[in-house]
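One structure is given below, encoded as structure tokens.
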Amino acid sequence: MPDPDQPRTTLQQGDFVRLLMRNEPVLRAYARSLLPDWQGVDEVIQDASVTLWEKFDQLRDEAGFLPWAKVVIRFKCLSLIDRLRRDRHVFSEGVLELLIEEAEAFDQAERERSLRALRSCLESFSQAHQELLLAPYFGEGRVMTLADQAGKSPNALYKLLGRLREKLAACIETRLAQMPL
């Protein structure tokens with residue numbers, strides 16, 4: 003839970019759209035684990051998006067977006083389920099709670115599994131290539147700085163970065179296929 007005395011990071015409207023787009027597949031999967039059909043998922047995602055937008059100023063930092071959004075999704079799912087109570091295909095609250103716990107545990111286990119694969123694959127790259135792969139995440143202009151240091155054009159480095167990302171993605175996919183679930 004964020005520290006209320008900690009200064010809030012200023013998040014902009016563009017941050018909301020970027021965070022929502024980046025996390026939408028995870029949020030859809032989470033909603034689907036709680037709802038009986040995709041129509042309900044679409045309704046919940048749309049309704050939750052409005053709520054998230056309206057309350058976006060309450061978010062302290064980007065790292066808190068996904069857990070915060072999952073809470074909103076969960077309440078929207080429960081609200082929809084209450085409206086659909088007359089349908090006998092809706093899960094009881096006890097079953098729903100078990101599904102929520104299982105979905106959250108699976109999400110965490112899958113993230114840890116993916117992180118292990120990422121770390122393992124990153125270690126297979128040279129130090130220079132690791133630095134280039136991570137450069138975009140260390141602030142604006144980092145790739146440009148690396149290009150200057152290497153005496154290469156930024157365009158050449160971005161092309162190399164694209165090839166390295168493809169190799170990294172292929173490596174991660176291979177490692178995940180080899181890892182037990």
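So the sequence shown is numbered by the numbering used here: it starts at 3 and just counts up by one. We put the beta carbon where it would ideally sit given N, CA and C, even for glycine.
In the displayed model, D39 falls within coil according to three-state DSSP, outside both helix and strand.
Going by DSSP, S128 is part of no alpha helix (DSSP H) at all; its letter is neither H nor E. The C-beta distance from L135 to L166 rounds to 5 Å, short enough to fall under 8 Å. No residue range can be given for D63, since it is assigned to no alpha helix (DSSP H) and is classified by DSSP as neither H nor E.
Contact annotation: V43 and R62 have beta-carbon atoms that are not nearer than 9 Å. For the pair of segments examined, the stretch 113–123 was found not to touch the stretch 79–87: the number of CB pairs separated by less than 8 Å stays below three.
The three-state secondary structure of E133, taken from DSSP, is helix. DSSP places M181 outside both helix and strand once states are collapsed to three, so it counts as coil.
Here R76 is buried. Its C-beta has 16 or more other C-beta atoms within 10 Å. Under the three-state reduction of DSSP, K154 is assigned to coil, being neither helix nor strand.
Around the beta-carbon of V46, 16 or more other beta-carbon atoms lie within 10 Å, marking it buried. By the criterion of a C-beta distance shorter than 7 Å, Q132 is surrounded in its chain by L124, once the five residues flanking it on both sides are discounted. Residue state for R87 is assigned as coil, using DSSP reduced to three classes. About 20 Å separates the beta carbons of I174 and A130, which is beyond the 8 Å limit, so they are not a contact pair. For the set L54, R34 and W40, the Cα lying nearest the Cα of V19 is the one of L54.
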